[in-house]
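Trainee: Can you keep this structure in mind? I'll have questions shortly.
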DNA sequence: GTCTATAATTAGATAGAC
DNA sequence: GTCTATCTAATTATAGAC
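So, in structure tokens, the structure goes:
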């Protein structure tokens, strides 16, 4: 939150990129904590230790800052690829494990921002839906060959969305503090049942 | 949203209570749609067809209006009582059916406001957690006699939270448009498994 | 109860000096 | 790149007339 960035060979990046990164970090933290309209550009600037005008210099508008804060880190794609590489009958545990590990790593906060701001910010609501559809729903549907595939995937989506909200947004115990392993052991099989289990 | 209230025997309520109710309705709609900081008192007043000053006359502050909008309707308590009246092994379907029917009825919007504003408004975050704990977690824990009761109830909480968010907040298909019966048939048994099923 | 007028504050955004 | 100064608009909230 304050100043603790490595020197990174002084003069190499001329020094501007560091401020930009600090603003981005502060923005991610605040958007995730207070939502879009609850976050002020001034507060972001203060937390980043720079002048409010710099934020506009870098990102143009508050909306531009928000969009930049939502950029996914490059590790997400490979992780998701691994999920769908394995067999269908162990899909449940891989989905929940990948989700939890991705969101526990703090450099993947964009997903946290989405689940936090989606409720009241139109753009993030669309983005969240699109992200889930593109990365999860579509690929899952392609693997399932059942007439009720849509509903099966829908319940899986709802469940993992709930886990994400409970753990990272509302922080409801014991889900908020449980270890990844324990949650995977609990939730993985349940997801699997939604996906490939018998129709009740 | 505009003026379509019955006369209700003119002069009976002196006419003030009607404005108050319209403000409350408009507030519920807007808080649910745009969150706390995204909703302005002026917008609420405009949607209610009254002057902004009236809102302050009735509710003092914006926060007061918010609290008033969160008052649960009196039908909630009996509905929840019925959930816990039945046997433990059909608890899953009763929980999800009660939740869906309560939230589909538009006069129970407070719950929708909570799930929508909790992410970024501190008070609603606490209120949502307390509501779920008091009305669900505590009573469920009392009925379960297992060492892992907390985790079982925790996953149930996460699941129904996810269903609520998917159906009423992010409106993710097919959960958003599915019938109550279909969702109950899908999700009820899964909840039941979380609650009383074998440990995976 | 209802409205006008307005105070006090705060937000997003810009121009321009250094 | 960075900051000072500032403009404009919107917001919460109040005092007081009718």
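Chains as they are written, first to last, in my numbering: chain L, 4 to 203; chain V, 4 to 203.
Ideal Cβ positions, reconstructed from N, Cα and C, are used throughout, including at glycine.
Note that the coordinates shown come from a computational prediction; the quantities given were computed from them, not determined experimentally.
1) Checking 9 Å against the spacing of the C-beta atoms, do residue 193/V and residue 94/V come in under that value?
2) Residue 177/L by DSSP, collapsed to three states: which one?
3) Flag this pair as yes or no: are the beta carbons of residue 176/L and residue 152/V separated by less than 9 Å?
4) Taking C-beta pairs closer than 7 Å, name the residues in chain L that residue 162/V reaches, listed in chain order.
5) Contact criterion: CB-CB distance below 9 Å. Does residue 122/L meet it with respect to chain V?
6) Of the residues 179/V, 30/V, 40/V and 75/V, which one's Cα is nearest the Cα of residue 124/L?
7) Hey, does residue 196/V have any beta-carbon neighbour from chain L nearer than 9 Å?
8) Between residue 195/L and residue 49/L, what straight-line distance do the alpha-carbon atoms span, to the nearest angstrom?
9) Among residues of its own chain, excluding the 5 on either side of residue 46/L, which ones have a beta-carbon nearer than 7 Å to its beta-carbon?
10) Considering only the beta carbon of each residue, do residue 209/V and residue 158/V sit closer than 9 Å?
11) Could you check where the alpha helix (DSSP H) with residue 3/V kicks off and where it finishes?
12) How about residue 88/V and residue 165/L: are their beta carbons less than 9 Å apart?
13) Which residue spans inside the stretch 150 to 195 of chain V form an unbroken alpha helix (DSSP H) run of at least 4?
14) Taking the alpha-carbon positions, what's the residue 36/V to residue 120/V distance?
15) With a threshold of 9 Å between beta carbons, is residue 135/V in contact with chain L?
16) Would you tell me roughly how many angstroms separate the C-alpha atoms of residue 73/L and residue 116/L, rounded to the nearest one?
17) Using the beta-carbon count (16 or more within 10 Å), is residue 201/V buried or exposed?
18) As an exercise, report each continuous alpha helix (DSSP H) stretch of at least 4 residues that is fully enclosed by the stretch 17 to 103 of chain L, in chain order.
19) Classify residue 42/V as buried or exposed, calling it buried when 16 or more other Cβ atoms lie within 10 Å of its own Cβ.
20) Could you tell me which chain L residues have their CB closer than 9 Å to the CB of residue 153/V, listed as they occur along the chain?
21) Give the C-beta separation of residue 126/V and residue 183/V to the nearest angstrom, bearing in mind that I take them to be a contact with Cβ-Cβ under 8 Å.
Mentor: Short version:
1) On the second chain, residue 193/V is found 190 positions in, with the first residue counted as 1. On the second chain, residue 94/V is found 91 positions in, with the first residue counted as 1. Not closer than 9 Å, so no.
2) As a working mapping, residue 177/L is identified with position 174 in the first chain. Assigned with DSSP and collapsed to three states, residue 177/L falls in coil, not helix or strand.
3) Counted from its first residue, the first chain places residue 176/L at position 173. Counted from its first residue, the second chain places residue 152/V at position 149. For the 9 Å CB-CB criterion, residue 176/L and residue 152/V do not form a contact.
4) What you label residue 162/V is simply residue 159 of the second chain in a count that begins at 1. Ordered by position in chain L, the residues that pass the 7 Å Cβ test against residue 162/V are 162 and 165.
5) Along the first chain, read from residue 1 onward, the residue named residue 122/L stands at position 119. At least one chain V Cβ lies under 9 Å of residue 122/L.
6) For the purposes of this step, residue 124/L is identified with residue 121 of the first chain, where counting begins at 1. Minimum Cα distance to residue 124/L is reached at 40/V.
7) By one-based count along the second chain, residue 196/V stands at place 193. So yes, residue 196/V belongs to the interface.
8) Counting from one through the first chain, the residue named residue 195/L turns up at place 192. Counting from one through the first chain, the residue named residue 49/L turns up at place 46. Between residue 195/L and residue 49/L, the C-alpha separation is close to 46 Å.
9) Mapped onto the first chain, residue 46/L falls at position 43. Excluding residues within five positions, the ones whose Cβ falls inside 7 Å are 33.
10) Because residue 209/V is not part of the residues shown, which for chain V are 4 to 203, the question remains open.
11) Coverage of chain V is limited to positions 4 through 203, which leaves residue 3/V absent and any answer about it impossible.
12) Residue numbering aside, residue 88/V sits at position 85 when the second chain is read from its first letter. Residue numbering aside, residue 165/L sits at position 162 when the first chain is read from its first letter. No, these two residues do not count as a Cβ contact at 9 Å.
13) 152 to 167
14) The sequence position of residue 36/V within the second chain is 33, counting from 1. The sequence position of residue 120/V within the second chain is 117, counting from 1. Straight-line Cα distance between these residues: approximately 9 Å.
15) By one-based count along the second chain, residue 135/V stands at place 132. It does: the Cβ of residue 135/V has a partner Cβ on chain L nearer than 9 Å.
16) Taking the first residue of the first chain as 1, we reach residue 73/L at position 70. Taking the first residue of the first chain as 1, we reach residue 116/L at position 113. Going from the Cα of residue 73/L to the Cα of residue 116/L covers about 7 Å.
17) Counted from its first residue, the second chain places residue 201/V at position 198. Its Cβ having fewer than 16 others within 10 Å, residue 201/V is exposed.
18) 19 to 37, 44 to 51, 55 to 62, 65 to 72 and 79 to 88
19) If you number the second chain from 1, residue 42/V lands on position 39. Buried is the call here.
20) Walking along the second chain from the start, residue 153/V turns up at place 150. Near residue 153/V (Cβ distances below 9 Å), the residues of chain L are 176 and 177.
21) Sequence index remark: in the second chain, residue 126/V carries index 123 (1-based). Sequence index remark: in the second chain, residue 183/V carries index 180 (1-based). The Cβ separation is near 30 Å, so there is no contact.
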